[in-house]
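Step one of this worksheet: look at the structure below.
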């Protein structure tokens, strides 16, 4: 595909992997597990091929592969201090949605630069998960977030929280508010205040709350307002739950983050 | 679900149908075909139930149903002049994407208020469709757009164009540019100009071009620039083709449309 300009490709076209501090020592990188399998069996890279390894300090290392197999070993060729993270800390509280919609929300939210996703249940949540199902689902969401982070060129892995109850959501918002964070509740009942009217002086952290398909009860809206969430409209049309979060993250990224 | 505030529900919770001029006469509405089937068999509405019918002048009529079956007859109770269309005319040129991604793009773009969608093929389009497949796919996209428009409370049906060749895209852009429309090319090679830097004095019509998975060739980018498309970045991360259009439409709706 020479001569092509691949769409929205970031720093390079190299495959990207997240590594822990103990995987890099004296310029040597050791990769095991799924990533080693991916490099050796899926991408079928050869000795001499380059990959990108991102460490926990958001340093991007270009690594030349030396040994492949169950254990992949490579050597750091150069290190670039290239954070691709938004200066705005974004958290999405997403009401548990039906079917594979959560997968979509998580993948897209990671592309949009989200730092934390907090899935939650509330009064009108349609989907009911047992504790075991919630754990399995959480592992799945973490995998999706990890893959999306690699693919879109993130330098930090977003945190996918365990499924929260509505009470836990309230507590988390209280904590965030007392830390000075702006908390927005995307709410169709809000007819006047769009995001343009939100009176906040360039916040460094914003959380946005999106209800499940069944919406929030009016008691829940009141509870959220009481702990400091500001209601905010996302326009005159009815957005599906999986659309609303992505729109909110896009607009926040444009207004205060790195999408402008 | 009494006491609930359904999320992002628009004017009402009534089912919405688009009708032609000849379906409404002297306060009587006649509905046939798929919509009649939907009302009678799927929603199982009864005589006395209310629905919303939107005519081609974007008037929203509240209609009380009288007869159900293959032919549904109702009488207009009141008429509301409630356009829910963005003042900004938005057109999405979307490179043909793999699998069911086009379905997603079309559904979400309609929620975001798009007025026209122009799917196109270009040099690095991965999906190849025969003429017959393209026709079938076009019918499918129109159905998806129609359903989404009903569900999100649109008052005008967006136009889904037939699959365009890249040459047809260039011609269309030339025409749009000579009509004063702003045309943006979401392009990863653009490192400086984000949407905030686009120098346009509140345009009334904007088109945005999103490449397929394979991206645009550099010749295509040059051709698009020559007919007047402005390159524009959507941030530092790599957005998938199906994400890029939705982000662009969100930001344009915020900047110049009705999402603010």
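Residue numbers (the numbering used here), protein chains in the order written: chain A, 1 to 260; chain B, 1001 to 1260.
Beta carbons: idealized from backbone N, C-alpha and C, even for Gly.
If contact means a Cβ-Cβ distance below 7 Å, which residues of the region 216 to 247 of chain A contact chain B?
216, 217, 218, 221, 234, 235, 236, 237, 238, 239, 240, 241, 243, 244, 246, 247
Ignoring anything shorter than 3 residues, give me the beta strand (DSSP E) runs that lie fully in the region 1028 to 1109 of chain B, in order along the chain.
Counting only runs of at least 3 residues, the region 1028 to 1109 of chain B fully encloses the following beta strand (DSSP E) elements, listed from N- to C-terminal order: 1028 to 1031, 1050 to 1054, 1060 to 1067, 1072 to 1080, 1089 to 1095.
Give a yes or no on whether the minimum CB-CB distance between residue 1256 of chain B and chain A is below 8 Å.
By this cut-off, residue 1256 of chain B is not an interface position.
Taking Cβ positions only, does residue 1059 of chain B come closer than 8 Å to chain A?
no
Pull out every residue of the region 140 to 158 of chain A whose Cβ sits closer than 8 Å to any Cβ of chain B, in chain order.
151, 152, 153, 154
For residue 186 of chain A and residue 248 of chain A, the rounded distance between their alpha carbons
8 Å
Candidates B:1108, B:1134, B:1221, of which the one nearest residue 1244 of chain B by Cα
It is B:1108 whose Cα lies nearest to the Cα of residue 1244 of chain B.
Could you check whether the region 63 to 78 of chain A touches the region 20 to 35 of chain A, counting it as contact only if at least three pairs of C-beta atoms, one from each stretch, sit closer than 8 Å?
The region 63 to 78 of chain A vs the region 20 to 35 of chain A: in contact.
Pairs of beta-carbons, one from the region 195 to 215 of chain A and one from the region 150 to 158 of chain A, closer than 8 Å: are there three or more?
no
Beta-bridge pairing of residue 1233 of chain B - partner residues as DSSP gives them
Answer is B:1194.
Is the separation between the beta-carbon of residue 1148 of chain B and that of residue 1208 of chain B shorter than 8 Å?
no
Measuring straight from C-alpha to C-alpha, what distance separates residue 233 of chain A and residue 240 of chain A?
14 Å
Under the three-state DSSP convention, the category residue 1116 of chain B falls into
strand
Let me check understanding here. Comparing Cα to Cα, which of B:1146, B:1152, B:1181, B:1137 lies closest to residue 1162 of chain B?
B:1137
For the candidate residues A:224, A:190, A:69, whose alpha-carbon lies nearest to that of residue 47 of chain A?
A:69
Excluding sequence positions up to five away, which residues of its chain have a Cβ less than 7 Å from the Cβ of residue 215 of chain A?
124
Which of the three DSSP states is assigned to residue 1150 of chain B in this structure?
Helix at residue 1150 of chain B.
Note the first and the last residue of the continuous beta strand (DSSP E) segment covering residue 208 of chain A.
205 to 210
For residue 1134 of chain B, is the beta carbon positioned less than 7 Å from some heavy atom of the ligand FAD?
Looking at this structure, you won't find the ligand FAD or any other ligand, since it has none at all.
Contact under 8 Å by Cβ, residue 228 of chain A with residue 183 of chain A:
yes
Per-residue DSSP class, three states only, for residue 217 of chain A
strand
Status (buried if at least 16 other CB within 10 Å, exposed otherwise) for residue 8 of chain A:
Confidence is the limiting factor: at residue 8 of chain A the pLDDT is only 32, short of 50, which leaves the residue's position unreliable, though a coordinate-based value still follows. Buried is the call here.
Name the chain C residues that come within less than 9 Å of residue 101 of chain A, Cβ to Cβ?
Reference to chain C is not applicable here, since the protein chains of this structure are A and B.
For a test of the three-state rule: what should DSSP assign to residue 1164 of chain B, helix, strand or coil?
Residue state, collapsed to three classes: strand.
Pick from B:1132, B:1106, B:1122: whose alpha carbon is nearest that of residue 1141 of chain B?
B:1106
List the residues that DSSP assigns as beta-bridge partners of residue 200 of chain A.
DSSP output for residue 200 of chain A lists no bridge partner at all.
Give a yes or no on whether the minimum CB-CB distance between residue 1122 of chain B and chain A is below 8 Å.
no
Limits of the unbroken alpha helix (DSSP H) element including residue 1247 of chain B:
Boundaries of the alpha helix (DSSP H) harbouring residue 1247 of chain B: 1241 to 1255, taken from the DSSP string.
Based on DSSP bridge pairs, tell me the residues matched to residue 185 of chain A.
A:209, A:231
Does the beta carbon of residue 259 of chain A sit closer than 8 Å to a beta carbon anywhere in chain B?
yes
If residue 83 of chain A and residue 58 of chain A are in contact, beta carbons under 8 Å, what's the gap, nearest whole angstrom?
5 Å
Examine chain B for any beta-carbon lying closer than 8 Å to the beta-carbon of residue 84 of chain A, and answer yes or no.
yes
Would you please verify whether the beta carbon of residue 178 of chain A is less than 8 Å from any beta carbon of chain B?
no
What three-state label does DSSP hand residue 132 of chain A in the structure shown?
helix
Is any beta-carbon of chain A found at less than 8 Å from that of residue 1251 of chain B?
yes
Taking the alpha carbon of residue 1235 of chain B as the reference point, which residue from A:226, A:224, A:254 has its own alpha carbon closest?
A:254
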